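In the working numbering, the protein residues as written are -13 to 207.
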């Protein structure tokens, strides 16, 4: 298996990174992601099984994949995730990363550390509990924030992902940057993509990356 060809994209660049969505389900209802009533999820039988996904990662690892990011949906809502991560951790030369909303992290932090999984992207669009509720339609801010602080204390490598929405959480841009001054975390601001329900962008993007950077520079030149 060591002589298998490496993977390259259409631009001739070597591919070493895999994003693996293990579920389409989520325990939040973020306004930029789904309607309040939720969406029609795929039936379980149409999802790849844990065994199938493990086989895929094994094969791609032999083809040069050295990093896999587990995402969703929300990965921790699918039963069996930790058993799957235990099997992934046995694969040599593979870094395992997670993207999560943080709601269900508390009981898994020690296990993640024991598996050597310390790279976590945490979706957090606001440091204000009321705005968090308006965005996610769920009252889980305290859980998420406490789990964030637990990860910081345990020396996880945390990156905050924040979708910037005009009139909703644009007041959180600077507080999130200031949070990274006080704590060893980074933040990535994500442009909101407004859709009209048919898959088409329906309006001009208000907070693009140029405006976000310009706004940050007003206080951090």
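Here a beta-carbon is modelled for each residue, glycine too, at the ideal position from N, C-alpha and C.
Values in this document were obtained by computation on a predicted structure and should not be read as measured data.
Enumerate in chain order the residues of its own chain whose CB-to-CB distance from residue 63 is below 8 angstroms, with the five nearest sequence positions on each side excluded. 9, 11, 12, 13 and 90, listed in sequence order.
Given a cut-off of 8 angstroms, decide if residue 57 and residue 6 are closer than it, judged by their beta-carbon atoms. Between residue 6 and residue 57, the CB-CB gap stays under 8 angstroms.
Do residue 82 and residue 71 have their CB atoms nearer than 8 angstroms? For residue 82 and residue 71, yes; Cβs fall inside 8 angstroms.
For residue 182, does the three-state DSSP call read helix, strand or coil? Interpretation of residue 182 is limited by its pLDDT of 44, a score under 50 that renders its predicted location unreliable; no figure is taken from the coordinates.
Determine which residues share a DSSP beta bridge with residue 54 and list them. DSSP output for residue 54 lists 4 and 82 as bridge partner(s).
On a Cα-Cα basis, can you pick out the residue from -9, 149, 96 and 206 that is closest to residue 178? Relative to residue 178, the option among -9, 149, 96 and 206 whose CA is nearest is 149.
From the DSSP output, read off the bridge partner residues of residue 172. The bridge partners DSSP lists for residue 172 are 145.
Own chain residues within Cβ distance below 6 angstroms of residue 104, not counting five before or after: Around residue 104, the same chain offers 142 and 143 as residues with beta carbons nearer than 6 angstroms, after the five sequence neighbours per side are excluded.
What does DSSP give as the partner residues of residue 150 in its beta bridges? DSSP lists 177 as partners of residue 150.
For residue -3, name the three-state secondary structure that DSSP assigns. In this structure, residue -3 counts as coil in the three-state DSSP scheme.
Quick check on residue 108: does DSSP put it in helix, strand or coil? If DSSP states are grouped into helix, strand and coil, residue 108 belongs with the strands.
Identify whether residue 120 lies in helix, strand or coil by the three-state DSSP scheme. In this structure, residue 120 counts as helix in the three-state DSSP scheme.
Compute the Euclidean distance between the alpha carbons of residue 33 and residue 39, then round it to the nearest angstrom. Cα-Cα distance, rounded: 10 angstroms.
Cβ of residue 163 within 8 angstroms of Cβ of residue 206? Yes, the Cβ-Cβ distance between residue 163 and residue 206 is below 8 angstroms.
Where residue 153 and residue 198 are concerned, what is the direct C-alpha to C-alpha distance, given to the nearest angstrom? Taking the straight line joining both Cα atoms gives about 14 angstroms.
Pull up the distance between the alpha-carbon of residue 203 and that of residue 145, whole angstroms please. One C-alpha to the other measures close to 20 angstroms.
Check each candidate in 49, 26 and 20 and name the one with the smallest Cα separation from residue -7. Nearest of 49, 26 and 20 to residue -7, Cα basis: 49.
Leaving out five residues before and five after residue 212 in sequence, what residues of the same chain have Cβ atoms less than 7 angstroms from its Cβ? As shown, the chain starts at -13 and ends at 207. That puts residue 212 outside it, with no answer to give.
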